[in-house]
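Peer 1: Quick one: the structure is below, questions incoming.
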Amino acid sequence: MTESFVHLHVHTKYSLLDGASDIPTLVGYAKELGMPALAITDHGVMYGVIEFYKECLKQGIKPIIGCEVYITSGSRFDKGVNVRDKQYHLILLAENYEGYRNLMKLVSIGQLEGVYYKPRIDKEVLRQYSKGLICLSACVAGEVPRHIIRGELETAERVMLEYLDIFDRDHYFLEIQNHDLPEERIVSEQLRKLAAKHHIGLVATNDLHYVRRDDAGGQDILLCIQTNARYIDPKRMRFNNDMYYLKTRKEMEERFPEDKEALDNTLKIAERCNLELEFGHLLLPKFPLPEGTTAMGYLRKLCEEGFPSRYDAGDKKALERLEYELDIIEQMGYPGYFLIVWDFINYCRNNDIPVGPGRGSAAGSIVAYLTGITNIDPLKYDLIFERFLNPERVSMPDIDTDICYVKRHLVVDYLAKKYGESHVAQIITFGTLAAKAAVKDVGRALDVPLSTVNQVNKMIPNVPGTTLKEALKNSKELRALCAEDETVAKMLDFAQKVEGMPRHTSTHAAGVVITPEELSNYVPLQITSSSDDEHEYVCTQYDKDRAESLGLLKMDLLGLRTLTVIDDAVKMLKKNRNIDVDVDHLNLEDKATCAMLCRGDTAAVFQMESDGMTQLMRDLAPEGFVDLIPLVALYRPGPLGSGMATDFIKGRHGQRTAKALHPLLEPVIADTYGVILYQEQVMQITSVLGGFSLGEADILRRAMGKKKAKELDSMREKFIAGAKANHNIDRSLAEEVFALLQHFAGYGFNKSHSAAYALVAYQTAYLKANYPVEYMAAFLNSIIGNADKVSWYINICRGMEIQVLPPDVNASESNFAVDGKAIRFGMAGIKSVGDSAVNSILEERTKNGPYKDFLDFTQRIDSSKVNKRVVENLIKSGSMDSFGAKRSQLLAVMERALELAASRQKDRISGQLGLFGEEEFEEINSIELPNVAELPKDEILRLEKELIGFYVTGHPLDEFRSALNKLTPIKDLDQGGFSEEQRVTVGGIIAENKIRATKAGDNMATFTLEDFSGALTCIAFPRSYVANANNIFQENIVKVQGILKLDEEEPRIFANTIMKLEKAAEDVRIFVAADKETPEIQKEMAKIFSQFRGQNPVYLHLLGSRKIVKADSCFWVQAKSPGFVAAIKALLGENTLR
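If you read the sequence shown in our numbering, its first letter stands for residue 144, the second for the next number, and so on.
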């Protein structure tokens, strides 16, 4: 026993931004040192418990589950000035399963009831849930040690006896530590005395925060990130030395030479801690059934009731499939699961909460289709049930559901009411320090200039999962920068130490768990903010995979904006035009829809609007919904990179004929033109040729996808034997087919999911093609908070010849709305106006009619909600243009009008209006609009852009449209027609501009250039900056010539020349009558052109010859010169110039 030691005070990376121990590395090192067990005791949370437990079992050492909780000497509900002085640490270890459940209870109570800076428990609940727990008195932040440090020895002893009473001598230990802190020596001396006096066990621990001694630097930088401190700040929070690592028994003996028993006690405690957790057993909540029915009976009844609306009564194939699925569902014990899902989806459908037609493999189930869980016919589209639920591979079913994102919370509330609030929670997720985030946070801690941090991050590929190690390996530029700049090298070294560590928690976008008993019997809980920080939810402390592994029922309720868009568009059609559109029963081969998609007009179409998908759409030329199903599967890196997409499209257009390796494969691959595109096809071929059941085929598909060599070897032989036995196929052909399946299995996609998402895509395309105004208004509402996107899609609307009207206090609603054949901008989209002000304006307008003029508006609004800033922004955004006054005039009288209106409101409230109201009313009406010039046009446009994100009354580039038409549109640069390092010329307005110094002290510029089609980043390095600095200013309209860079997510231009863009000269059109087409006249025209030479191109419309001739540039003229106009008219006639 004395040869080993067990660490009982251990912080992993889940002590967020404090612990730096990676769990597999930590456990592996403990195993390497011969330690029989290891504890996990993170600060106030149990995030890492399941990962830790499984990793310990995997590596063959005993896991000890614990937590370093925060405890208050008062009540957990106390808050106030002195409360933080009464907060302490305490180590709790689960001796058995009862202790584990009690630990979850305590941690949950601390998080749900006791948060005040830290999640605190108190002794009331500690006493209530103490059974099965072993308690250690903790580090110098423990309650007993704190009183000792303060010199309050009697209080320390009293508190110790209080803990001893809560637990007992077998379950309470005094903890000693030695990290060379003076306080630790004081505490340890007194704890030894108390232990001897009261016969309490001593236990020696190390406050472990990282695995090895040389990991201390990484943990130190985490503390800087946590406290937002600078690394060089001498006053910042830091550990006193590098002793907080996983020490050996020998190292611990050196720290505690006189405390052999305290070291041995770690092994005795470890022997007593024996926790066994169960995994994989589904813990279904009980679905409330009608009296006298079983879950299976009720599910069958629902299917039978739904059958007539889906199939003909005698449809044998559908009836057989239904019986087959019901048998498997009953056999696997999942009828209750289906009823739970059916119930909340039925609630959605009955309560105006849009639900998607299906998601994932569940769309392959006829039971899901008949009960209304999905809206995709699995028989019509040849979808396989076993891809969803496999009787030969016991796993929990997983029906994911898309729900209107605005109303998702109503579904969660419904589940909480149905099954009990203490039985329903959302699921936690962790934001991690991925490569770029690690560089950014470490750079801030090290005081690295932001420009340098951004420079480094631009060299890291925008590919999810890319590590800094990979980025350094693949980027010569990044390696060179590290070599020449010590600051960058140090930053990347630290960043690699913290990369992958969890940084913060948030709520998973979709996951919800429902439990048969109280949640805290199964998982620890906490309050966590949603991803948008607008809501707080009770969440599990275990993430979705760990929660599900414990058997908890996990529902994925994904808030999908597209469903909200569809629903809003349908409601607008009904409200404005009394048109009923049922998106579940559309013409799936609508000509207008298909024509639009074939043109590549895919903006705002779900899943279809990326450039690559748009091109694929054009190439495929869909003729209906069914053609969109393969598109969803094809537009992925695997199929695109392997040539599958090209083969599919060539096959569709008869440009390629693929011969099947065996006639039995023909029916399976006919619809995909010889390409094995779907996972279901791999299963079908395995079944048809190899004689596998579809359940076995699904197991093979999974093995192929995960490249499980041993499993594949045995299944290959089974396939070959089955092909021979069933179809007399020789070994070489069977091996060839198996190899083909193995190749395509890596690229295959779930057809059920493709079909479900293709249907949503088709619904959006149908609405856009047939009802573009309503659809685009609904779509704009879905992005109303994103000014850049709104601006972009308003340009899309204009390209569709849909007019977007400016905001108007008498015509606008809160959101975008249909106004005749146009879309009216919603007032909620105006910057710094706010929902409260908009709602107040609309309520008054609804109640008392439109505002007659500006003064009427100021008198009627509620000044407590519609303040001066709101009114000013309404004027500047053009929302009051309909009053007929200039914006400059309204701004001039605004303050006086608002003052008088506020005074009138005050008098009305105090009851004095009867005495003085008439005079004040006359004073308000006597305000006259001054005769002032309107704001300059460029100022009007700038304010519109600033306040509503786009230009309403014009565009700064309007006068340059002809000149821009001769340059490359910005949007075309990433359409595939341009190559890396190509020289290009673009033009537009400089929207943003940043000047910074290089390491050498030279200035360079990075600016955003916008034209009518889009925006991109341009970079002027020092030499280019010096040459062009006079033209690099915000709002300058310029032409940029440079080198195109396509190595980032978005194209960039390294600018060489930046010059002011000149307005393109207007064309001069001269119409020459037939009788004037003579050599003599031509000579006279040439003389006039030479006399009035200028910049305007000349086009001669020769009416007799029926030709249009563009004159050489040497004959271009001054179009507006009175002399030119008089001379040409004298020669050719009054109507010759047009």
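Note that beta-carbon positions come from the ideal geometry of N, C-alpha and C, so glycine has one too.
(1) Looking at the ligand GDP, does it come within less than 8 Å of residue 266, judged from the CB to the closest heavy atom?
(2) Give a yes or no on whether the minimum CB-CB distance between residue 565 and chain C is below 9 Å.
(3) So what does residue 825 bridge to, in DSSP terms?
(4) For residue 446, does the three-state DSSP call read helix, strand or coil?
(5) For residue 841, which of 1189, 527 and 1121 has the nearest alpha-carbon?
(6) Suppose only complete runs of 4+ residues qualify. What are the alpha helix (DSSP H) ranges in the segment 885-915, listed by chain order?
(7) Do residue 952 and residue 1022 have their C-beta atoms within less than 9 Å of each other?
(8) By DSSP, does residue 362 sit in helix, in strand, or in coil?
(9) Taking the C-alpha atoms as reference points, what is the distance between residue 1144 and residue 1165?
(10) In terms of residue numbering, what span does the beta strand (DSSP E) encompassing residue 511 cover?
(11) If you scan the segment 582-663 from start to end, which runs of the beta strand (DSSP E) of 3 or more residues do you find wholly inside it?
(12) Contact between the segment 643-653 and the segment 572-582 is defined here as three or more beta-carbon pairs at a separation below 8 Å; is this criterion met?
(13) Classify residue 382 as helix, strand or coil using the three-state DSSP reduction.
(14) Does the separation of the CB atoms of residue 1133 and residue 1074 fall below 9 Å?
(15) Are there 16 or more other CB atoms within 10 angstroms of the CB of residue 798, so buried, or fewer, so exposed?
(16) With a 10 Å radius around its C-beta and 16 neighbouring C-beta atoms as the bar for buried, classify residue 700 as buried or exposed.
(17) Are residue 251 and residue 668 closer than 9 Å when you measure CB to CB?
(18) Could you give the DSSP three-state label for residue 796: helix, strand or coil?
(19) Look at the alpha carbon of residue 921 and the alpha carbon of residue 965, and state the distance between them as a whole number of angstroms.
(20) Inspect the CB distances between the segment 621-630 and the segment 591-599 and report whether three or more fall short of 8 Å.
(21) What separation, rounded to the nearest whole angstrom, lies between the Cα atoms of residue 203 and residue 413?
(22) Which same chain residues end up closer than 6 Å to residue 772 when comparing Cβ atoms and leaving out the 5 residues on each side of it in sequence?
(23) Keeping to the same chain, check which residues put their C-beta closer than 7 Å to that of residue 177; ignore five residues upstream and five downstream.
(24) Following the continuous alpha helix (DSSP H) through residue 939, name the residue where it begins and the one where it ends.
(25) I'd like the span of the beta strand (DSSP E) that includes residue 967, first residue to last.
(26) Is DSSP giving residue 1182 helix, strand or coil here?
(27) On the CB-based measure, 16 or more other CB atoms within 10 Å of its CB, does residue 1278 come out buried or exposed?
(28) From what residue to what residue does the beta strand (DSSP E) around residue 557 run?
(29) By alpha-carbon positions, which one of 817, 1072, 1089 and 962 ends up nearest to residue 1017?
(30) Tell me residue 296's beta-bridge partners as DSSP assigns them.
(31) Just list the residues that DSSP pairs residue 714 with in beta bridges.
(32) Three or more C-beta pairs closer than 8 Å, one from the segment 299-311 and one from the segment 266-277: is that the case here?
(33) Would residue 492 and residue 515 be called neighbours here (beta carbons separated by less than 9 Å)?
(34) What are the boundary residues of the alpha helix (DSSP H) that residue 393 is part of?
(35) Report the partner residues of residue 672 according to the DSSP bridge assignment.
(36) Where do the ends of the beta strand (DSSP E) carrying residue 1202 lie?
Peer 2: Based on what the coordinates show:
(1) Of ligands this structure carries none, so the ligand GDP is not represented either.
(2) Chain labels in this structure do not include chain C; a single protein chain is all it has.
(3) Along the sequence shown, one-based indexing puts residue 825 at 682. DSSP output for residue 825 lists no bridge partner at all.
(4) Against the sequence shown, residue 446 aligns to sequence position 303. Of the three classes helix, strand and coil, the one that applies to residue 446 here is helix, per DSSP.
(5) Position 698 of the sequence shown holds residue 841. Of the candidates 1189, 527 and 1121, the one whose C-alpha sits nearest the C-alpha of residue 841 is 527.
(6) 894-913
(7) In the sequence shown, the residue the question calls residue 952 occupies position 809. In the sequence shown, the residue the question calls residue 1022 occupies position 879. Yes, the pair counts as a contact, with Cβ atoms nearer than the cut-off.
(8) Position 219 of the sequence shown, counting from 1, holds the residue named residue 362. It is helical.
(9) Start at 1 with the first residue of the sequence shown, and residue 1144 comes out as number 1001. Start at 1 with the first residue of the sequence shown, and residue 1165 comes out as number 1022. Rounded to the nearest angstrom, the two C-alpha atoms are 10 Å apart.
(10) In the sequence shown, residue 511 corresponds to position 368, counting from 1. Where residue 511 is concerned, there is no enclosing beta strand (DSSP E), although the alpha helix (DSSP H) it sits in stretches over 509-513.
(11) 645-657
(12) yes
(13) The residue labelled residue 382 in the question sits at position 239 within the sequence shown. Note: residue 382 maps to coil in three-state DSSP.
(14) Against the sequence shown, residue 1133 aligns to sequence position 990. Against the sequence shown, residue 1074 aligns to sequence position 931. No, the Cβ-Cβ distance between residue 1133 and residue 1074 is not below 9 Å.
(15) Here residue 798 refers to the residue found at position 655 of the sequence shown. Flag for residue 798 reads exposed.
(16) As a working mapping, residue 700 is identified with position 557 in the sequence shown. It counts as buried.
(17) Position 108 of the sequence shown holds residue 251. Position 525 of the sequence shown holds residue 668. Cβ distance < 9 Å, so residue 251 and residue 668 count as in contact.
(18) Here residue 796 is taken as the residue at index 653 of the sequence shown, counted from 1. It is coil, neither helix nor strand.
(19) Within the sequence shown, the letter at position 778 stands for residue 921. Within the sequence shown, the letter at position 822 stands for residue 965. If I take the Cα positions, the gap works out to 13 Å.
(20) yes
(21) As a working note, residue 203 is residue 60 in the sequence shown. As a working note, residue 413 is residue 270 in the sequence shown. In a straight line, the C-alpha of residue 203 is about 14 Å away from that of residue 413.
(22) Along the sequence shown, one-based indexing puts residue 772 at 629. Excluding residues within five positions, the ones whose Cβ falls inside 6 Å are 897, 898 and 901.
(23) Position 34 of the sequence shown, counted from the first residue, corresponds to residue 177. The residues are 147.
(24) Residue mapping note: residue 939 aligns to position 796 of the sequence shown, counting from 1. Residues 930-942.
(25) Taking the first residue of the sequence shown as 1, we reach residue 967 at position 824. First-last of the beta strand (DSSP E) with residue 967: 965-967.
(26) Reading the sequence shown from its first residue, position 1039 is the one you call residue 1182. DSSP places residue 1182 in strand when its eight states are reduced to three.
(27) Along the sequence shown, one-based indexing puts residue 1278 at 1135. So residue 1278 ends up on the exposed side.
(28) The residue you call residue 557 lines up with position 414 of the sequence shown. No beta strand (DSSP E) holds residue 557; the alpha helix (DSSP H) holding it covers 551-562.
(29) Working through the sequence shown from its first residue, we reach residue 1017 at position 874. With distances taken between Cα atoms, residue 1017 lies closest to 1089.
(30) One-based indexing of the sequence shown puts residue 296 at position 153. Its beta-bridge partners do not exist; DSSP assigns none.
(31) Here residue 714 is taken as the residue at index 571 of the sequence shown, counted from 1. In the DSSP output, where bridge partners are listed per residue, residue 714 has none listed.
(32) yes
(33) Position 349 of the sequence shown, counting from 1, holds the residue named residue 492. Position 372 of the sequence shown, counting from 1, holds the residue named residue 515. Contact flag set, yes.
(34) Locating residue 393 in the sequence shown gives position 250, counting from the first residue. It spans 392-398 - the alpha helix (DSSP H) in which residue 393 sits, taken as one unbroken run.
(35) One-based indexing of the sequence shown puts residue 672 at position 529. In the DSSP output, where bridge partners are listed per residue, residue 672 has 679.
(36) In the sequence shown, residue 1202 corresponds to position 1059, counting from 1. It spans 1195-1203 - the beta strand (DSSP E) in which residue 1202 sits, taken as one unbroken run.
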